[in-house]
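J.: The numbers in the working numbering rise by one with no breaks, and the one at position 3 of the sequence shown is 1337. Note that CB positions come from ideal geometry on N, CA and C, so glycine has one too. Every value quoted in this text rests on a predicted model; they were computed, and no experiment measured them. One structure follows; several queries about it will come next.
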Amino acid sequence: MQGNSYGGLEGFDMALPDGELVSFRPVRPEHRKIVAEGMSALSFESRLFRFFTPMVCLSAQQLDYFTEVDQSDHVAWIALSSDNAGQTGLGIARFIRLPHQPRVAEFAIVVIDSYQNRGLGLILLALLYKMAVSKAIDTLRASVSLENKVMRRWLARLGAVGQYDDDGSYTMDWAVAGKPPDLTLPSLQRLKAIIVKIDEAMSQNVVPDPL
1335 MQGNSYGGLE GFDMALPDGE LVSFRPVRPE HRKIVAEGMS ALSFESRLFR
1385 FFTPMVCLSA QQLDYFTEVD QSDHVAWIAL SSDNAGQTGL GIARFIRLPH
1435 QPRVAEFAIV VIDSYQNRGL GLILLALLYK MAVSKAIDTL RASVSLENKV
1485 MRRWLARLGA VGQYDDDGSY TMDWAVAGKP PDLTLPSLQR LKAIIVKIDE
1535 AMSQNVVPDP L
């Protein structure tokens, strides 16, 4: 059975640490409705940490931007769970190459509250790491809320370095190529192990999704 291919990228299925099988797919316009519905599964805090504002829903323009991606300068993947009601969006990870710094990309990850602390975010981060290297990205950069202590600790354990910008915002730079981070970091070793599992999953055929 043929695997899904969107822009030369393959979708794959992979189990979370608790055994639940999750589908990972490159984002495409057909995911628009799922992305829109996913906002309702985010708490006030999760929306604030991701968008720096507690927005309730995404505008039509934002949905266009988030789902019409080229998977080269703007790479985005969605995690999906299938149930009797259809597909549910569990999380999204993306990076966008900076036009003035083509080897640097800004990235963001969001996971719905009911799937946080279950290993999904780390799989999405590992996927971004893998895709960044393949797209000649040396540094992944994240704007992180100062109140988001979990994300700040998470990235620091992976070797990311934070700094305050002139406008008072806080960004963290994570070297993924070129000058690699300390490969002895336990969290980075774990991430590398997940990338190996992703490679194995991508090499297997997957059932086409029903979109």
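(1) Between Ile1446 and Leu1376, which are expected to be in contact by the criterion C-beta below 8 angstroms, what is the C-beta distance as a whole number of angstroms?
(2) By the DSSP assignment, the alpha helix (DSSP H) with Phe1385 in it spans what residues?
(3) Using the C-alpha atoms, what's the distance from Val1530 back to Met1465?
(4) Can you give, in chain order, each stretch of the alpha helix (DSSP H) that sits fully within the region 1348-1436 and has at least 4 residues?
(5) Do the region 1393-1402 and the region 1362-1369 make contact, defined as three or more Cβ pairs closer than 8 angstroms?
(6) How close, in whole Å, do the beta carbons of Ala1476 and Phe1441 come, if the pair is a contact with beta carbons under 8 angstroms?
(7) Whole angstroms are fine: how far does the CA of Lys1483 sit from the CA of Glu1354?
(8) Here's the rule: buried if 16 or more other CB atoms are within 10 angstroms of the residue's CB, otherwise exposed. What is Ala1439?
(9) In three-state DSSP terms, what is Glu1534?
(10) Cβ of Val1467 within 9 angstroms of Cβ of Arg1384?
(11) Which value, in whole angstroms, describes the spacing of the CA atoms of Phe1429 and Ala1511?
(12) For Leu1462, which residues from the same chain have a beta carbon less than 7 angstroms from its beta carbon, with the 5 sequence-adjacent residues on both sides left out?
(13) What runs of the alpha helix (DSSP H), each 4 residues or longer, lie entirely inside the region 1434-1520?
(14) Give me the Cα-Cα distance between Asp1407 and Pro1520, rounded to the nearest whole angstrom.
(15) So, at 8 angstroms on beta carbons, what are the nonlocal neighbours of Leu1454 in its own chain, with the 5 sequence-adjacent residues on each side left out?
(16) How big is the Cα-Cα spacing for Ala1494 and Arg1437?
(17) In angstroms, rounded to a whole number, what distance separates the CA positions of Phe1346 and Arg1381?
(18) Taking the alpha carbon of Tyr1394 as the point to measure from, which residue in Ser1415, Gln1435, Ala1370, Trp1411 has its own alpha carbon closest?
(19) Would you report the Cα separation of Trp1488 and Glu1344, rounded to the nearest angstrom?
(20) If you draw a straight line from the alpha carbon of Tyr1498 to that of Leu1480, how long is it in whole angstroms?
T.: For this structure:
(1) 6 angstroms
(2) 1378-1385
(3) 13 angstroms
(4) 1366-1372, 1378-1385, 1394-1401
(5) yes
(6) 6 angstroms
(7) 27 angstroms
(8) buried
(9) helix
(10) no
(11) 15 angstroms
(12) Ala1427, Phe1429, Phe1441, Leu1474
(13) 1454-1468, 1483-1491
(14) 30 angstroms
(15) Leu1350, Val1356, Ala1413, Leu1424, Gly1425, Val1445
(16) 16 angstroms
(17) 27 angstroms
(18) Sequence inspection shows Ala at residue 1394; the Tyr mentioned does not correspond to that position. Ranking Ser1415, Gln1435, Ala1370, Trp1411 by Cα distance to Ala1394 puts Ala1370 first.
(19) 27 angstroms
(20) 10 angstroms
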